[in-house]
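Undergrad: Have a look at this one before I ask anything.
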Amino acid sequence: MASDIKRDEKLIKELEISRQKVGLRRDFMQISNTITFDLKRNINKLYVMLFVYLGIFLLSLLMNELLSGLMGLLAPTDSATLMVNYVGEFFTMALIISTATFGGSIIAEDFYRQTGNLLFPKISKTRLLIGRLISRYALNALCIIFFYTLVYILAFIKYGEVSTTIIYSFGWALLYSFVLLTFVTFLSSFMKNTSFTIITSILMLLLVMGMIPMILSFSGVTENNEIPMFFIFSYFGTIISGSLNMPDNRFVTQLLGPPGHEFEVSSWITPSEFGAALGMIIYIVIFLILTYILYQRRQSKGE
Amino acid sequence: MINTKETDDNVIIRLKNITKKFGDFYAVSNVNIEIKKGEIVGFLGPNGAGKSTAMKMMAYLLKPTEGEIWIRGNGELEKLANHNKDYLLDNIGFLIENPFFYGNVTPRVILKYFAELKGYPYKKVNQRIEEVVEMFGLTNWIDMKLRTFSKGMKQKIGIASAIIHNPDIIILDEPQTGLDPQARRDVRDLILKLKKSGKTIFLSSHLLYEISEVADRIAIINQGKIVAFDTLDNLESKAKKSIIHIELLNHPEEHNLESVLNHLKEEITPLTGVSEELNWIKYNKDTKTFQILFNGDPKNQLSILKRLLAHDYEVIEFSVPKAGLLENLFIDLVKPNTDQLSNDTINKKKKKHKKKLLIEE
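The listed protein sequences correspond, in order, to chains A and B. Just so you know, this note's numbering puts 71 at position 71 of the first sequence, and the rest follows in order with no gaps. Just so you know, this note's numbering puts 1322 at position 322 of the second sequence, and the rest follows in order with no gaps.
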């Protein structure tokens, strides 16, 4: 009993501490603490996603090197053309999956699992969101770096040099992944739970946004080369491969269908650099503003 | 109830005319509470009475529609506002409702995060975590994943997270709800231990017994209004009612219960000090005790005991449990009005009128 009292007294004495300053320094400190904590918490997801990217790379390798050889297709003449085959649709799909996985829980989790009850009295939602966006983006960026490293090594082994356009492509991939992250975060700000957010994000980005350009192409709306598809933000993802070997004509018309019954299909291959940068920034701003408003208004269960 | 001096050295939190409206619905209405340094204030009220709303306003999660919240910062009471919220709220530890944790982290990781968020000196964080975890008897679990913890252990970590940054004031919202008796007792002991170390505690609960065991003063809220705020003894004297629990050596059988009750009524009711129409004596078959309503006066209590002994009742227990009194008092004070809204209606109203959250930056 006496030792208990002594210990408590010692504790009280030791707890006489002077607190750190508040204000801007506290803002940065809380954001930095959130980044560190969030990185630790999501490290297992990173390992899983690195395996997914490795799988996507191996699948692309199999299709491009083995099947192309079997089908007698011509090998790419330079490293840039080779890389286009690797950062195309499969890579974009991996990007969507990883972004949805990292970003799906960013807001919804705290409300569904009620972890927000502990968090919100300690940190403002704004700082929490900023910290989490940075950490989730960093995790996604690590996956992208990993994939591009593999592609770089392959191109270097095959051609002895790597086109500098890989840097542009990498930069666009980073920017596009941030657009995706803000979109997923926006969904997370009002969706009920993490799983639902992830599934909805993947379905919307892969299916819905993938189908709209196809429908437009087949319907002939884009026939006159009048409407670039800026209204579908997944269109901006095409610049990741497009920037490796930017085509002279970004709008193409192809003949499809069986012989004798061909029909014309027109589509946009990639946006211009300026259009892509501007479009993506606009989408980022829109999604972030909507997310902020919804997040601030959202309440925990029982409130 | 309210001291007009803002410089009262003992007051550590002051809620001054706090009102929170959601549309035309008053969740909290003109609440005035002063909490003094080192005391435990219990906060009681039925579901939907406004307890959580009041606590969330103190945590700056909700902005009062009217009124002010004053918190003692560095020696002085200061009005809580956007510019000083970090600094003032550093002095408060909150546990809002049941704590839910990320399952894949350990207490060490999450407590470190919470301590750093609240500006606890970086170099002392690890030492502080170990001290707090030891205080809660969870030293062996400090590096285990939280998903493996029982509900009681999570509750302890929840309270640990509220005090990890060493605040002077601790606000606990229903910390014992859903816990088994052992865990409830552990949490109660922890609360008393925190009080012993000089902390001021504001505690809400549905568990009247838990409140009566720890609280120095009790605030009862109903329909958003404070209907009572005093020490338990003062509330008792104001209510002029209390309940005596009596256990006899030989419990009455079913066939003679009626006659024993009638005899007791005949002998005891003139001594209770309660008007005839309010008098009651009943037998609780679960606890095997007789319960007698009386006016709470110790003299009447003694007279009743003497009369029982004079009639050769073999009394083995004669007590006035505080929880029983509190329960009675609580029911009296929060008696539903005919026009009182049901919880569902209240929640619907709350949902209808989206709560305005603070726009912090």
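Note that beta-carbon positions come from the ideal geometry of N, C-alpha and C, so glycine has one too.
Between the beta-carbon of B:Leu1088 and the beta-carbon of B:Gly1073, is there less than 7 Å?
TA: Taking 7 Å as the Cβ cut-off, B:Leu1088 and B:Gly1073 qualify as a contacting pair.
Undergrad: Based on Cα-Cα distance, which residue from B:Leu1293, B:Val1041, B:Gly1158 and B:Thr1289 lies nearest to A:Gln114?
TA: Cα-wise, what sits closest to A:Gln114 is B:Gly1158.
Undergrad: Identify, in the order they occur along the chain, each residue of the same chain with its Cβ nearer than 8 Å to the Cβ of B:Lys1112, setting aside the five sequence neighbours on each side.
TA: Closer than 8 Å at Cβ, skipping near neighbours: Val1125, Asn1126 and Ile1129.
Undergrad: Establish whether the CB of B:Glu1097 and some CB of chain A are separated by less than 7 Å.
TA: Output row for B:Glu1097: interface = yes.
Undergrad: With a floor of 4 residues, list each alpha helix (DSSP H) that falls wholly inside the segment 1018–1059 of chain B, ordered by position along the chain.
TA: Complete alpha helix (DSSP H) runs here, min 4: 1051–1058.
Undergrad: For B:Leu1329, which of B:Ala1310, B:Asn1300 and B:Gly1296 has the nearest alpha-carbon?
TA: Comparing Cα-Cα distances from B:Leu1329 to each of B:Ala1310, B:Asn1300 and B:Gly1296, the minimum goes to B:Gly1296.
Undergrad: Can you find a CB in chain A that lies within less than 7 Å of the CB of B:Leu1080?
TA: It does not; no Cβ of chain A falls within 7 Å.
Undergrad: Report yes or no: do the segment 1310–1317 of chain B and the segment 1201–1220 of chain B share at least 3 C-beta pairs separated by less than 8 Å?
TA: Touching, no.
Undergrad: Measuring only between beta-carbons, confirm whether A:Arg113 sits less than 7 Å from chain B.
TA: So, interface residue.
Undergrad: Does the beta-carbon of A:Asp248 have 16 or more other beta-carbons within 10 angstroms, so that it is buried, or is it exposed?
TA: It is exposed - the Cβ of A:Asp248 has fewer than 16 other Cβ atoms within 10 Å.
Undergrad: Could you tell me the distance, in whole angstroms, from the CA atom of B:Tyr1120 to the CA atom of B:Leu1080?
TA: Cα-Cα distance, rounded: 20 Å.
Undergrad: Cutting at 8 Å between CB atoms, please list the residues of its own chain near B:Val1031, excluding the five before and the five after it.
TA: These residues qualify, in order along the chain: Leu1015, Asn1017, Ile1018, Thr1019, Gly1050, Ala1054, Gly1067, Ile1221, Gly1224, Lys1225 and Ile1226.
Undergrad: Against chain A, does B:Ser1150 count as a neighbour if the rule is that its beta carbon must be under 7 Å from one of theirs?
TA: Closer than 7 Å: no.
Undergrad: Compile a chain-ordered list of the residues in the segment 1103–1117 of chain B whose CB is closer than 7 Å to at least one CB of chain A.
TA: From the segment 1103–1117 of chain B, only Asn1104, Val1105, Val1109, Tyr1113, Phe1114, Glu1116 and Leu1117 have a Cβ closer than 7 Å to chain A.
Undergrad: Compute the beta-carbon to beta-carbon distance between A:Gly275 and A:Phe230, rounded to the nearest angstrom, for a pair I have assumed lies under 8 Å.
TA: At roughly 7 Å, the Cβ-Cβ gap stays under 8 Å, so A:Gly275 and A:Phe230 are in contact.
Undergrad: Excluding the 5 residues flanking B:Ile1164 on each side, which residues of the same chain have their C-beta closer than 8 Å to its C-beta?
TA: Cβ neighbours of B:Ile1164 beyond the five flanking positions: Gly1093, Leu1111, Phe1114, Ala1115, Lys1118, Tyr1120, Arg1128, Ile1129 and Val1132.
Undergrad: For the beta strand (DSSP E) that B:Leu1077 lies in, which residues bound it at each end?
TA: Its beta strand (DSSP E) spans residues Leu1077 to Lys1079.
Undergrad: What's the C-alpha gap between A:Gly279 and A:Tyr235?
TA: Cα-Cα distance, rounded: 10 Å.
Undergrad: Suppose you measure from the CA of A:Lys125 to the CA of B:Glu1210; what does that come to, to the nearest Å?
TA: Cα to Cα, the separation comes out at about 33 Å.
Undergrad: Taking the straight line between their C-alpha atoms, what separation do you get for B:Asp1233 and B:Ala1219?
TA: Distance between the alpha carbons of B:Asp1233 and B:Ala1219 is about 13 Å.
Undergrad: If you draw a straight line from the alpha carbon of B:Ser1275 to that of B:Ser1029, how long is it in whole angstroms?
TA: Using only the alpha carbons, I get a separation of about 34 Å.
Undergrad: Name the chain B residues that come within less than 7 Å of A:Ser120, Cβ to Cβ?
TA: According to the sequence as given, residue 120 of chain A is Phe; it is not Ser. Within 7 Å Cβ-Cβ: Leu1061.
Undergrad: What residues of chain B sit near A:Ile123, judged by a beta carbon separation below 7 Å?
TA: Near A:Ile123 (Cβ distances below 7 Å), the residues of chain B are Leu1117.
Undergrad: For B:Ala1160, which residues does DSSP report across the bridge?
TA: In DSSP, B:Ala1160 forms no bridge with anything.
Undergrad: Run down chain B in chain order and give the residues with a C-beta less than 8 Å from the C-beta of A:Thr33.
TA: Note that residue 33 of chain A corresponds to Asn in the displayed sequence, not to Thr. Those within 8 Å of A:Asn33 in chain B are Tyr1113, Glu1116 and Leu1117.
Undergrad: What residue from A:Glu89, A:Leu66 and A:Pro271 has the CA that sits closest to A:Tyr53's CA?
TA: Closest by alpha carbon: A:Glu89.
Undergrad: What residues are listed by DSSP as bridge partners for B:Lys1225?
TA: Beta-bridge pairing links B:Lys1225 to B:Asn1222.
Undergrad: Which of helix, strand or coil does DSSP assign to B:Val1334?
TA: Residue state, collapsed to three classes: coil.
Undergrad: Taking Cβ-Cβ distances shorter than 8 Å, what residues in chain B pair up with A:Lys192?
TA: Going along chain B, no residue has its Cβ under 8 Å from A:Lys192, so there is no contact; the nearest lies around 15 Å.
Undergrad: List, in order along the chain, the chain A residues whose C-beta lies closer than 9 Å to that of B:Ser1161?
TA: Near B:Ser1161 (Cβ distances below 9 Å), the residues of chain A are Leu118 and Lys122.
Undergrad: Quick one: measure Cβ to Cβ for B:Ala1162 and B:Leu1095, integer angstroms, because I've assumed they're closer than 8 Å.
TA: Their Cβ separation, rounded to whole angstroms, is 4 Å, which keeps B:Ala1162 and B:Leu1095 in contact under 8 Å.
Undergrad: Do we get a CB-CB distance below 7 Å when we pair A:Phe304 with the residues of chain B?
TA: This structure leaves residue 304 of chain A out entirely; chain A is present only between 1 and 303.
Undergrad: Using a Cβ-Cβ cut-off of less than 9 Å, list which residues of the segment 92–104 of chain A approach chain B; keep chain order.
TA: Those residues of the segment 92–104 of chain A that come within reach of chain B (Cβ to Cβ, closer than 9 Å) do not exist; the list is empty.
Undergrad: Where does B:Trp1280 fall in DSSP's three states?
TA: If DSSP states are grouped into helix, strand and coil, B:Trp1280 belongs with coil.
Undergrad: Assuming B:Thr1106 and B:Lys1154 form a contact by the criterion Cβ under 8 Å, report the distance between their Cβ atoms to the nearest whole angstrom.
TA: Actually they are not in contact, since the Cβ atoms of B:Thr1106 and B:Lys1154 sit about 13 Å apart, beyond 8 Å.
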